[in-house]
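Participant: The opening residue of the sequence shown carries number 18 in my numbering; numbering runs sequentially from there.
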Amino acid sequence: MTHALIPDLALSLLRRANDIARHAMSRGHHPFGALLAAPDGQVLMEQGNVDSVNHAEAVLAREAAERFDPAVLWSCTLVTTVEPCAMCAGTQYWAHIGGLLYGLSERELLQLTGAHPENPTLDLPCREVFRSGQKPITVTGPVPELREEIAALHRNFWRRG
Numbered sequence: 018m019t020h021a022l023i024p025d026l027a028l029s030l031l032r033r034a035n036d037i038a039r040h041a042m043s044r045g046h047h048p049f050g051a052l053l054a055a056p057d058g059q060v061l062m063e064q065g066n067v068d069s070v071n072h073a074e075a076v077l078a079r080e081a082a083e084r085f086d087p088a089v090l091w092s093c094t095l096v097t098t099v100e101p102c103a104m105c106a107g108t109q110y111w112a113h114i115g116g117l118l119y120g121l122s123e124r125e126l127l128q129l130t131g132a133h134p135e136n137p138t139l140d141l142p143c144r145e146v147f148r149s150g151q152k153p154i155t156v157t158g159p160v161p162e163l164r165e166e167i168a169a170l171h172r173n174f175w176r177r178g
């Protein structure tokens, strides 16, 4: 099973995730957005960031694990604006979501947030987390075409603190 989404669809889904992040930010939350896409690109679930512990990706993965059979989730892709942290990558792994597409790397996020106390970024790429497991999660990202669109939300949010 491949998790490769066609390029135009991948960009469209990432832009939708960024809209979710923008909505989360408008409600006072950190600007992160995630969605769960079926193999054909149909969006099954959406989730914005809740708080510093309930990240968009982890909340989405936990809820997806409750709603869908593992075989269905294995064929799906978690689409998120920023590379999942170690907690979110681990939650995706345990939820059995087989693919990941992200726009901005965790290191790029760190450059935007600096040492912000609400986002103490871990320098642990999701690929390393997945490589430590027993299931081959397919990872695509970062996506340079959307770097500036995604980074703009973070640049504006983290500077206003």
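We put the CB at the ideal spot given by N, CA and C, even for glycine.
Model, not experiment: these values are computed from the prediction.
Cα separation between leucine 53 and isoleucine 37?
Facilitator: Reading the sequence shown from its first residue, position 36 is the one you call residue 53. Reading the sequence shown from its first residue, position 20 is the one you call residue 37. Whole-angstrom Cα-Cα distance: 12 Å.
Participant: Would you call the segment 100 to 110 and the segment 136 to 152 in contact, with 3 or more CB pairs under 8 Å?
Facilitator: The segment 100 to 110 is in contact with the segment 136 to 152.
Participant: Mind pulling the beta strand (DSSP E) runs of 3 or more residues that sit fully within the segment 82 to 169?
Facilitator: List check, beta strand (DSSP E) in window: 94 to 99, 116 to 121 and 155 to 157.
Participant: When we look at the beta-carbon of glutamate 135 and count the other beta-carbons within 10 Å, is it buried (16 or more) or exposed?
Facilitator: Taking the sequence shown and counting its residues from 1, one reaches residue 135 at position 118. That one is exposed.
Participant: Check this for me: beta carbons of leucine 95 and isoleucine 167, under 8 Å apart or not?
Facilitator: For the purposes of this step, residue 95 is taken as the residue at position 78 of the sequence shown. For the purposes of this step, residue 167 is taken as the residue at position 150 of the sequence shown. Not closer than 8 Å, so no.
Participant: Quick one: measure Cβ to Cβ for alanine 73 and glutamine 64, integer angstroms, because I've assumed they're closer than 8 Å.
Facilitator: Taking the sequence shown and counting its residues from 1, the one referred to as residue 73 is at position 56. Taking the sequence shown and counting its residues from 1, the one referred to as residue 64 is at position 47. Contact holds; Cβ gap of about 5 Å.
Participant: Who are the near neighbours of histidine 113 in its chain, counting only those whose CB is closer than 6 Å to its CB and skipping five residues on each side?
Facilitator: In the sequence shown, residue 113 corresponds to position 96, counting from 1. For histidine 113, where only same-chain residues beyond five positions count, the Cβ hits under 6 Å are Pro87, Leu90 and Trp91.
Participant: Applying the criterion that 16 or more other CB atoms from any shown protein chain within 10 Å of the CB defines a buried residue, is glutamine 151 buried or exposed?
Facilitator: Residue 151 sits at position 134 when you count from the first residue of the sequence shown. Exposed, because fewer than 16 other Cβ atoms sit within 10 Å of the Cβ of glutamine 151.
Participant: Once the 5 residues before and after asparagine 35 are set aside, which same chain residues still bring their CB inside 8 Å of it?
Facilitator: Your numbering for residue 35 matches position 18 in the sequence shown. The answer, listed in chain order, is Gly50, Thr98, Gly120, Leu163, Glu166, Ile167 and Leu170.
Participant: To the nearest angstrom, report how far apart arginine 176 and glutamate 125 are at their CA atoms.
Facilitator: Your numbering for residue 176 matches position 159 in the sequence shown. Your numbering for residue 125 matches position 108 in the sequence shown. Rounded to whole angstroms, arginine 176 to glutamate 125 spans 15 Å at the Cα level.
Participant: Helix, strand or coil for alanine 41 per DSSP?
Facilitator: Here the question's residue 41 lines up with position 24 in the sequence shown. Three-state DSSP puts alanine 41 in a helix.
Participant: If I follow the unbroken beta strand (DSSP E) through alanine 51, where does it start and stop?
Facilitator: In the sequence shown, residue 51 corresponds to position 34, counting from 1. Taken as a continuous stretch (DSSP letters only), the beta strand (DSSP E) holding alanine 51 covers 50 to 54.
Participant: Would asparagine 66 be called buried (16 or more neighbouring beta carbons within 10 Å of its own) or exposed?
Facilitator: In the sequence shown, counting from the first residue as 1, residue 66 sits at position 49. When all chains shown are included, asparagine 66 counts as buried.
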